[in-house]
Amino acid sequence: MVLLSSVALAAFVATTNALNLSVAASGGNATSPLQYGLMFEDINYSGDGGIYAELIRNRAFQGSTEHPSTLLAYNSVGGASLSLKNLSQPISSALPTSMNVAVANATANEVGFSNTGYWGIGVQVQQYTGSFWVKGSYNGKFTASLKSDINNKTFATAQVQSHASPNEWIQHNYTFTPTSAAPNSNNSFYLTFDKSGVSGGSLDFTLISLFPPTYKNRPNGLRVDLAEALKALNGKFLRFPGGNNLEGDTPPYLWKWNETIGPLKDRPGRPGTWGYENTDGLGLIEYLHWCEDLELEPVLAVWDGFYLGGPVTPQDQLQPWIQFALDELEFLMGSTSTKYGALRASLGYPQPFQINYVEIGNEDNLGGGNSSYSAYRLPMFTSAIKAAYPDITIIASTTTVDPIPDHISLDYHEYSRPDNFVREFNLFDHYNRSHPILIGEYAVIEGNNASMAAVDWNSNRERLAFPSWEGSVAEAVFLLGAERNSDMIIGASYAPTLQNLNSYQWTPDMISFTADPTKDVLSTSWHMLQLMANHIVTETLPTTGGNFGPAYYVAGYNNQTGSHMLKTAVYNATSDVPVSVSFKGVSAGATATLTVLTAPSHDSYNAPGKPEVVTWTNTTITASADGTFKFELPNLSVSVLEVQGRATYWAGSWGGPRGAWGHGGFGGWTPSFGSWGLNNWKGTGHNKREVPRGYKEVVF
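First residue of the sequence shown? That's 3 in the numbering used here, and the numbers climb one at a time after it.
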């Protein structure tokens, strides 16, 4: 054994870790246009109380046998008596329950009710739009307002002339703009009226609504701050509506697309699988608007005969549910001459939407569903959908299906520890390349444990509250492995995406929030993804001269910007990693931007009220006389070296393995959203950078 001095040992370690890379000009793979995306289901109050911008909680008193209707979030004002009623003439059959406000025993002249919102209401100087439905006899005005729960300060108010009638439900609309912003979200919505104007002793209310400005001003739309945080990730697809929330706990509570469309008064809601009632205000059309507004490809999951808690639908009873999925696709894509295409047009959408990806179910390998999924559910759904829509890409909800039908893609989910994600860097090197993979859900959810490699699903004692920097770097290693296999990886999406910090069922999550839009927490994994997804290679390129570990990397070219890139994640290095890289065709004197993400320690994380832990560092590097870029990368870092250039050719024609995609795989995307052809993706400005280079950490 030769003993090395500390200086010599450091030099030896640096040498063995060093990367001396030469990147070829061709010979790699064209990449998927959907490399990074989003997965969404209503978990953690991420829909209602989250990205769905409605501020009033329990607005229509929706309930079920699992979650009976209540007066949750409502309080009496002026001594009025509040109670729930199922009137003989409800606003609709979908919403049978309403709130009765009785004034006979009121202690004040001005009476009514307040609503706390979803754990408060943020108030900013902007126009709010509201409405409510009332039935009864009232001559006078209603007063809608936002007030502080702490000192009763009124931030905004509007007077609404009553058009109430005892014979029918009448909608009343209003707007107001606060004169000042509230210092916190400890605020409530108030709706009051003069009791002397009431005949009959009471009024009935339902569908009480208040919206702030929404993303791109969509009616019934998305919360601006959360949509903007997602837009900054430059994602390319949205997988929806689940997730477990697609399945439903037990009959009959699957996600029914036809009960999430049309006017809000016709949407009954349902008990979601995560412990609370869903209003379904965020419905099928709203998901498609989300896709349009954020330029995302829809990946639509359809219910496939399996409830989360059982039972499995028998084969001889499955056909109606197959037709249910076909009806959904006809509603979205059918001409107005079809039954459901005409229904879509009647709701104000004569132009069809485009669906290119359909996932059959969700995680059918769990809960005893795999055998029936492999035997008949997946084959029957696939056969029917492909017969009607041969160009749709079908995605199985698990990689464990056996046998795998022809022309099927697979959905891979991984929740694990950092070391396990790093071990999976080369996982997809060994997959059957005739079946492309969607990484539909992934996240590091526990730290490393020397005595337990697997996740502790039983106790969750080690569950991370927020993504850690070590975990985010490990996720980056895993994603770089996916990029290296871009000829078969459709894309990847972190899950869950959103978490309301006031009530949640799962940790960690990518973005955490409260009722106060100024207090959003963008996790370390959000930062990692923002870097990775805003530096897309449209063609991977072969490299020589380096091993994998502790530095993991992929090199490539972007045919829209003409940029060459080296994307790297360093995990478990004992010293800085020296990097020397040259790109064939890039000459001496060329300049590159090196963006490096770091954090103070392996267990650093972003949390409410704490300083940002992720540091973005940008450095300009010039190629040496031999065209080489040289730099060092610290342990637990994620980086991109981008050599700026001008696009001179179209490299991409990614359509998946021949024969695996039906007619042409991804098709030929043109600048208008959702316009796809049948022959090879050609790329456009769809991968445009949304966040400028040099983006620094978010300041809370």
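Where a beta carbon is used, it is the ideal one built from N, C-alpha and C, also for glycine.
query: Give the straight-line distance between the Cα atoms of Ser204 and Tyr47, rounded to the nearest whole angstrom.; result: 33 Å
query: What's the gap between the Cα of Leu23 and the Cα of Pro544?; result: 10 Å
query: At what residues does the alpha helix (DSSP H) containing Trp292 begin and finish?; result: Leu286 to Asp295
query: Please state if the CB of Ser182 and the CB of Ser139 are separated by a distance shorter than 9 Å.; result: no
query: If you run the structure through DSSP and keep just helix, strand and coil, what is Pro322?; result: helix
query: Where does the unbroken beta strand (DSSP E) through Gln163 begin, and where does it stop?; result: Thr156 to Gln163
query: Using 8 Å as the Cβ pair cut-off and three pairs as the minimum, do the stretch 502-510 and the stretch 555-575 touch?; result: no
query: Under the DSSP definition of a beta bridge, which residues are partnered with Lys233?; result: Looking at the DSSP assignment, Lys233 forms no beta bridge with any residue, so it has no partner.
query: In its own chain, which residues sit with a C-beta less than 6 Å from the C-beta of Asn109, not counting the 5 before and 5 after it?; result: The question names Asn, but residue 109 is Thr in the sequence shown. Correct list, in chain order: Gly81.
query: Quick check for students: name the residue ranges of the beta strand (DSSP E) that lie wholly in the stretch 52-77, counting only runs of 3 or more.; result: none
query: Measure the C-alpha to C-alpha separation of Glu112 and Gln163 and round it to an integer number of angstroms.; result: 15 Å
query: Measuring CA to CA, which of Asp605, Thr570, Ala592 and Val583 is closest to Leu705?; result: In this structure the chain extends from 3 to 702, so residue 705 is not present and cannot be described.
query: Here's the rule: buried if 16 or more other CB atoms are within 10 angstroms of the residue's CB, otherwise exposed. What is Gly611?; result: exposed
query: Can you tell me which of the three DSSP states Pro273 falls into?; result: strand
query: Using 8 Å as the threshold, is the stretch 199-215 in touch with the stretch 130-137, meaning 3 or more CB pairs across them?; result: yes
query: Tell me whether Asp282 sits in a helix, a strand or coil according to DSSP, three-state version.; result: coil
query: Any heavy atom of the ligand ADP closer than 8 Å to the beta-carbon of Pro352?; result: Within the structure as shown, the ligand ADP is missing, as the structure has no ligands at all.
query: Quick one: does Ile357 have its CB under 9 Å from some CB of chain B?; result: In the displayed structure, chain B is absent; only one protein chain is listed.
query: Tell me whether the stretch 291-307 and the stretch 344-353 touch, counting them as touching only if at least three CB pairs, one residue from each stretch, are closer than 8 Å.; result: no
query: Can you tell me whether Ser677 is buried or exposed? The criterion is at least 16 other CB atoms within 10 Å of its CB, across all chains shown.; result: Low confidence applies here, because Ser677 scores a pLDDT of 25, under 50, leaving its location unreliable and the question unanswered by this model.
query: Of all the options Val105, Ser514 and Glu448, which has the alpha carbon lying nearest to the alpha carbon of Ser83?; result: Val105
query: Starting from Lys341, follow the alpha helix (DSSP H) in both directions and report where the run begins and ends.; result: Lys341 to Ser348
query: In terms of residues, what are the limits of the alpha helix (DSSP H) holding His432?; result: His432 -> no alpha helix (DSSP H), and no H or E assigned at all.
query: When the Cα of Pro420 is compared with those of Glu230, Pro214, Ser187 and Ala456, which residue comes out closest?; result: Ala456
query: Excluding the 5 residues flanking Asn422 on each side, which residues of the same chain have their C-beta closer than 7 Å to its C-beta?; result: Ala455
query: Indicate the three-state DSSP secondary structure (helix, strand or coil) for Gln562 in the structure shown.; result: coil
query: So, at 7 Å on beta carbons, what are the nonlocal neighbours of Pro407 in its own chain, with the 5 sequence-adjacent residues on each side left out?; result: Leu380, Pro381 and Thr384
query: If you run the structure through DSSP and keep just helix, strand and coil, what is Asp50?; result: strand
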